[in-house]
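Note sheet for the following structure.
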Amino acid sequence: MYELSLGVPGNDAEAIKWHRKAAETGEVRSQVALGRIYSKGETVPQNYIEAAKWYRKAAEQGHADAQVNIGIMYDKGQGVTQKLRRSREVVPQKPPIQGDPSGQVNLGLMYTQGHGVPQDHAEARKWYLKAAEQGRAALISNSV
Numbered sequence: 059m060y061e062l063s064l065g066v067p068g069n070d071a072e073a074i075k076w077h078r079k080a081a082e083t084g085e086v087r088s089q090v091a092l093g094r095i096y097s098k099g100e101t102v103p104q105n106y107i108e109a110a111k112w113y114r115k116a117a118e119q120g121h122a123d124a125q126v127n128i129g130i131m132y133d134k135g136q137g138v139t140q141k142l143r144r145s146r147e148v149v150p151q152k153p154p155i156q157g158d159p160s161g162q163v164n165l166g167l168m169y170t171q172g173h174g175v176p177q178d179h180a181e182a183r184k185w186y187l188k189a190a191e192q193g194r195a196a197l198i199s200n201s202v
């Protein structure tokens with residue numbers, strides 16, 4: 059409510075407070091929201107360590123976007139020790155296999171750019187097509 063100004067005036071500090079309370083009880087959407095807020099520095103100073111903490115908690119619960127984001131953080135060494143092997147374990151195996159189009163597009167990007175995996179345009183195309191087959195072509199055009 060506070061984040062989107064639904065029925066109350068927008069208040070970023072209040073939104074973060076309520077996301078944190080929910081996230082601490084295991085609410086996966088709030089964990090992902092906190093990961094995003096801290097990784098992007100939205101209304102708070104950018105803090106990759108805090109972002110990785112919340113993305114990891116959500117990823118452990120099977121949240122596909124969180125798995126992708128923590129994998130990218132391992133790839134780039136943001137808030138965690140850079141572990142390319144760990145980024146490959148998190149990103150390629152989980153969200154795409156779960157049929158998550160965002161994970162499929164992100165995996166395609168990893169193969170296109172050679173981040174954490176060998177650069178392979180044919181493999182990238184395969185993952186982009188899987189996302190497109192689910193009607194998510196806009197994700198691809200917005201990402202590449």
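The sequence shown begins at 59 in our numbering and counts up one residue at a time.
From the three backbone atoms N, C-alpha and C, an ideal C-beta is built for every residue, glycine too.
Check	Outcome
Within 8 Å, strictly: CB atoms of V90 and A116	yes
Nearest candidate by alpha-carbon position, reference E191, set T83, R114, V163	V163
Residue of L92, A124, K134, H121 minimising C-alpha distance to D70	L92
Environment of P150 [buried if 16+ CB atoms lie within 10 Å]	Summary for P150: the model assigns pLDDT 49, below 50, so the residue's position carries little reliability, and this model does not support an answer.
Pick from S160, G172, R87, G120 that is closest to D133, judged by C-alpha positions	G172
Minimum C-alpha distance to I95 - residue among N127, G135, H179	N127
Beta-carbon proximity check, G166 vs A182, cutoff 8 Å	yes
Limits of the alpha helix (DSSP H) - the one that P159 falls within	159-171
DSSP-derived helix/strand/coil call for G137	coil
Classification of I130 by the beta-carbon crowding that lies within 10 angstroms, buried from 16 upward	buried
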